[in-house]
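**Student:** Here's a structure for you.
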Amino acid sequence: MSLAEKFIVLPFKKNRGNVVPGEMRQASSAAAAEKIATAMSARHLGVAAYSIQVDEESGDMTSPRLIIAFGETADLTVN
């Protein structure tokens with residue numbers, strides 16, 4: 014298993030009364046993810062930037078670490 018750190022930005026929206034993630038955007042660095050999230054924050058219910066670990070073989074994403082969040086967001090971790 015080969016893990017790589019990736020940076021993503023997720024806008025959030027309401028769907029049937031719940032806050033759900035929208036289309037994921039990739040960023041090149043933590044600073045870029047923060048800049049994208051800040052720019053998107055005025056247009057969305059909520060926006061969050063994360064650092065995640067991606068298994069390059071399977072594409073599985075794990076260990077989300079919040080970089081910055083604005084507005085209403087949902088928890089990405091599964092209990």
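When we follow my numbering, the leftmost residue of the sequence shown carries the number 14, and every step to the right adds one. Backbone N, C-alpha and C define an ideal beta-carbon position, used for all residues, glycine too.
Helix or strand or just coil, what does DSSP make of residue 8?
**Tutor:** Outside the displayed range of the chain (14 to 92) lies residue 8, so it cannot be described from this structure.
**Student:** Applying the criterion that 16 or more other CB atoms from any shown protein chain within 10 Å of the CB defines a buried residue, is residue 33 buried or exposed?
**Tutor:** Reading the sequence shown from its first residue, position 20 is the one you call residue 33. Classification of residue 33: exposed, given that the 10 Å Cβ count is below 16.
**Student:** Quick one: Cα of residue 83 to Cα of residue 51, how far?
**Tutor:** Position 70 of the sequence shown, counting from 1, holds the residue named residue 83. Position 38 of the sequence shown, counting from 1, holds the residue named residue 51. Near 8 Å, if we compare the C-alpha coordinates of residue 51 and residue 83.
**Student:** Using the beta-carbon count (16 or more within 10 Å), is residue 91 buried or exposed?
**Tutor:** Counted from its first residue, the sequence shown places residue 91 at position 78. Only weak support exists for where residue 91 lies, its pLDDT of 48 falling under 50; the value from the coordinates is given anyway. With fewer than 16 Cβ atoms within 10 Å of its Cβ, residue 91 is classed as exposed.
**Student:** Please report the straight-line C-alpha distance between residue 65 and residue 27, rounded to a whole angstrom.
**Tutor:** Taking the first residue of the sequence shown as position 1, residue 65 is located at position 52. Taking the first residue of the sequence shown as position 1, residue 27 is located at position 14. If I take the Cα positions, the gap works out to 24 Å.
**Student:** Are the Cβ atoms of residue 40 and residue 20 separated by less than 7 Å?
**Tutor:** As a working mapping, residue 40 is identified with position 27 in the sequence shown. As a working mapping, residue 20 is identified with position 7 in the sequence shown. Yes, the pair counts as a contact, with Cβ atoms nearer than the cut-off.
**Student:** With respect to the alpha helix (DSSP H) encompassing residue 47, which residues constitute its N-terminal and C-terminal limits?
**Tutor:** Walking along the sequence shown from the start, residue 47 turns up at place 34. From DSSP, the alpha helix (DSSP H) with residue 47 extends over 43 to 53.
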